[in-house]
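Under the working numbering, the first residue of the sequence shown carries the number 462, and numbering increases by one thereafter.
Remarks on the structure that follows.
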Amino acid sequence: MSKNLVIVESPAKAKTINKYLGSDYQVLASIGHIMDLPAKGLGVDVQNDFEPTYEVIPDTKKRNNKKVVADLKRAAKESDTIYLAADPDREGEAICAHLA
């Protein structure tokens, strides 16, 4: 069991960071955004202070988002500590907020 989980945005970054961290760390990639406002509907709950409603981005031929989310959830349950290490920008902040 990995004691520490580090989640980054890209698989290439995950591979590189994994080389530097010891065996107590598992580094996985979210492969960018995993959640978005729904394609159908307003995307906010107007009866609840305009609270946004997010959903997992639908799967595509190139990317299986449901599998990515399932893998991240499984790894998180097996870890003592989780580090969200996305890029230090707006996109990275949004990705971390959705992962949290």
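Here a beta-carbon is modelled for each residue, glycine too, at the ideal position from N, C-alpha and C.
In chain order, which alpha helix (DSSP H) runs of at least 4 residues are fully inside the stretch 475 to 558?
526 to 538
Proximity of Pro472 and Ala490 at Cβ, strictly below 9 Å:
For the purposes of this step, residue 472 is identified with residue 11 of the sequence shown, where counting begins at 1. For the purposes of this step, residue 490 is identified with residue 29 of the sequence shown, where counting begins at 1. Yes. Within cutoff.
In DSSP terms, what Leu560 is bridged to:
Within the sequence shown, residue 560 is the residue found at index 99, counting from 1. Note: Leu560 sits in no beta bridge, so no partner.
Pair every Cβ in the stretch 504 to 522 with every Cβ in the stretch 536 to 550, then say whether three or more of these pairs are closer than 8 Å.
no
Contacting residues, own chain, Cβ-Cβ under 6 Å from Asp485 (five flanking each side not counted)
Residue mapping note: residue 485 aligns to position 24 of the sequence shown, counting from 1. Answer for Asp485: Lys464 and Asn465, listed in chain order.
Are the beta-carbon atoms belonging to Leu533 and Leu560 less than 9 Å from one another?
Along the sequence shown, one-based indexing puts residue 533 at 72. Along the sequence shown, one-based indexing puts residue 560 at 99. Yes, the Cβ-Cβ distance between Leu533 and Leu560 is below 9 Å.
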